Amino acid sequence: MSLRLRLTLWYSGILAVTLLLFGIGLYFFLNYFLYNDVRSDLKREAETTYSRVQKNLGLSLKGLVLDLELESRDFYSTNTFLQLYNVQLRTVNRSANLQYYDVKLPVTKDTLDKLQQSSTYFEKARVAGQDLLIYHIGIYGDLNGPKQLLGVLQAAKPISQYEQFLDRLQYVLALLALVTIVIAASLGWFLARKALMPIDQVIEAANQIESGHDLEKRILYDGPRDEIGRLTDTINGMLSRIQVIYSELEEAYRAQRRFVSDASHELRTPLTTIRGNVDLLEKMWRRTSDQTQLADPQQMELSLEAMRDIASESQRMSRLVNDLLALARADAGIQMEKTRLEARPLVEDVARKAQLLPHAADWIVGDLSALDDAVIAGNRDYLQQLLFIFIENAFKYTPEGYVKLDALRTEDQIGLRIADSGIGMEKEEIPHIFDRFYRADVSRGKTAGTGLGLSIAKWIIDEHGGSIEVTTRKDEGSTFVVWIPASFPVSV
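Under this note's numbering, the very last position in the sequence shown is 500; numbers go up by exactly one each time.
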């Protein structure tokens, strides 16, 4: 069952109950209002007659009847009927208008039984084709012993017009209620459809997104900022978030495929080299063993060269595995342990060791006074690895010229600047240099390395809450400035 149908049924059901209660209330109110005057008239007329009858209770019942007969009141001109019933003699004394119509008001055993329990009561009865409201008063006396019911005084008025009116009222109320419910249900269906139209638009848009995978589509809603408006905003916001996450997942998936491809390529090259050299050594030394003679100097030199290649490629593969392990830790979200470190001794230690790295360019250690009194919260080993990555990278791409290290500072940061006069790169390549296995020089074999160093450096910078600035120009060199949060305690 649809929400629209449920709303319509609820609305129609509540309206039907409301109309039913209203109709019942109106019917009983009019019933009481119409019959209240009739009851009052009947009671007044009956009690007036009853008071005269009471004066003659000491006489015989015949005298009582004669008292009513001798009453000089004219009942022809009224619509009130009077009748006195003698219980002992079972005789009836009627008003003139009853005699004129030759009608007697009913007195049954049930009537007498009720008057034994209550001295008065009202009753509706149909007499001679007319609906009457009859008021009964019991006449009691102790003429022949204990107090007993001697007679019944009845006053009646015709109520056919009231009954017809109430019957018609029931019919009209039922008809009006039915028509109102039908109209209200139709109107409720229309209003529910109009109110839920934005939800239909939401469903339609969601179906289009599901079928067409169009995460850029949004739900258009120009109505008031009610519940539907807020729902639309929430879903649009959710779609935007899903689009961002989906884009990130796509990028991550592409990066993963690229990573697997590049890692396979990087590992295949040293493995191929190692396997080729091992095969060469095996052939050379098997032939020597078969000939039972010592190897000549040329064979020895080739063997040593092959073993050096094996060692070099093994070291390269070891570095690659270590770099992959570092990135795996980064992807796993492992938090590095940090302590308070003095910045200058750490950087000076790196500057001293960097002199021992293979390089063709001049190694220049500039002004490091900006690091005086600077204290950073970090991991010593990772920070040294960070600097070595940038310095080694500068040495690789600076065949001649210089590589320089100096320091900067702001109110709450220190900057470690590594500048070189090497080959540089295009500005369009800057956003990609921190991608895994990316190299500005697309020919992989021209420089040694795994293409993972800058990715690891970026992770270390992020873990320390820092940032990096890159400026470069093709054939003129590059400058990297690593900014790390620091404090500068004031010495007392």
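In this text, a Cβ means the ideal position worked out from N, Cα and C, and glycines have one as well. On a predicted model such as this, the values are computed, not experimentally measured, just so you know.
Range of the contiguous alpha helix (DSSP H) that encloses residue i
i, result
"Ile476", "No alpha helix (DSSP H) contains Ile476, which is instead part of the beta strand (DSSP E) from 475 to 481."
"Ile383", "This sequence places Val at residue 383; Ile is not what is there. Taken as a continuous stretch (DSSP letters only), Val383 belongs to no alpha helix (DSSP H), being part of the beta strand (DSSP E) at 383 to 386."
"Pro353", "351 to 362"
"Thr119", "117 to 125"
"Asn4", "Given that the chain is displayed from residue 9 to residue 500, the structure contains no residue 4 and the question cannot be resolved."
"Lys470", "Note on residue identity: the sequence assigns Asp, not Lys, to residue 470. Here the alpha helix (DSSP H) through Asp470 covers 461 to 471."
Within 8 Å, strictly: CB atoms of residue i and residue j
i, j, result
"Gly461", "Ile397", "yes"
"Pro166", "Leu186", "no"
"Ile431", "Tyr405", "yes"
"Leu354", "Leu391", "yes"
"Gly386", "Ile492", "yes"
"Ile145", "Thr128", "yes"
"Arg226", "Asn244", "yes"
"Ile250", "Leu223", "yes"
"Leu394", "Ala465", "yes"
"Ala415", "Ala378", "yes"
C-alpha gap between residue i and residue j, whole angstroms
i, j, result
"Arg12", "Tyr229", "19 Å"
"Leu184", "Tyr43", "25 Å"
"Glu356", "Thr347", "18 Å"
"Ile217", "His440", "32 Å"
"Leu279", "Asp389", "30 Å"
"Leu174", "Ile211", "52 Å"
"Gly474", "Tyr410", "26 Å"
"Leu74", "Thr116", "Legend: pLDDT at Leu74 = 36, less than 50; position of this residue unreliable, value from coordinates given subsequently. Whole-angstrom Cα-Cα distance: 23 Å."
"Thr487", "Ile438", "12 Å"
"Gln343", "Leu424", "23 Å"
"Glu434", "Glu484", "11 Å"
"Asp82", "Arg134", "Because Asp82 sits at a pLDDT of 46, beneath the cut-off of 50, its placement in the model cannot be relied upon, and the point is left open."
"Glu477", "Val490", "7 Å"
"Leu102", "Thr88", "A quick correction: the sequence has Arg, not Leu, at residue 102. Straight-line Cα distance between these residues: approximately 11 Å."
"Leu312", "Ala362", "29 Å"
"Leu288", "Ser463", "37 Å"
"Trp467", "Phe442", "9 Å"
"Leu38", "Arg238", "49 Å"
"Gln323", "His472", "29 Å"
Top-ranked residue by Cα proximity to residue i, from the options
i, options, result
"Val111", "Ala136, Gln96, Asn94, Leu123", "Ala136"
"Pro407", "Gln393, Leu416, Ser429, Arg388", "Ser429"
"Gln96", "Thr88, Ile468, Leu158", "Leu158"
"Ile207", "Asp241, Ile191, Ala193, Leu223", "Asp241"
"Phe41", "Ala133, Arg134, Leu27, Tyr170", "Tyr170"
"Leu177", "Leu34, Ser463, Gly21", "Leu34"
"Val100", "Val160, Leu394, Leu120, Met433", "Val160"
"Met315", "Thr281, Thr188, Glu345", "Thr281"
"Arg444", "Glu309, Ile469, Arg265", "Arg265"
Residues of its chain near residue i, where Cβ-Cβ distance is below 6 Å and the 5 sequence neighbours each way are ignored
i, result
"Ala163", "Leu50, Glu53, Ala54, Leu90, Tyr143"
"Trp197", "Thr16"
"Asp370", "Tyr410"
Same chain only: Cβ atoms within 8 Å of residue i, ignoring 5 sequence neighbours per side
i, result
"Ala494", "Ala351, Ala382, Val383, Ile384, Arg417, Asp420, Gln421, Ile422"
"Ala192", "Tyr19, Ser20, Leu23"
"Lys132", "Asp139, Leu140, Leu141, Ile142, Ile167"
Range covered by the beta strand (DSSP E) that runs through residue i
i, result
"Val373", "370 to 373"
"Glu131", "128 to 135"
"Leu141", "138 to 149"
"Val5", "Outside the displayed range of the chain (9 to 500) lies residue 5, so it cannot be described from this structure."
"Lys165", "156 to 166"
"Leu424", "421 to 428"
Contacts around residue i, its chain only, beta-carbon distance under 7 Å, and the 5 residues preceding and following it disregarded
i, result
"Lys70", "Any reading at Lys70 must be qualified, since the residue scores a pLDDT of 48, below 50, and its modelled position is unreliable; the value itself is stated next. So the list is empty, once near-sequence residues are dropped."
"Leu123", "His144, Gly146, Leu157, Val160"
Minimum Cβ-Cβ distance from residue i to chain C less than 8 Å
i, result
"Glu437", "Of the protein chains in this structure there is only one, and it is not chain C."
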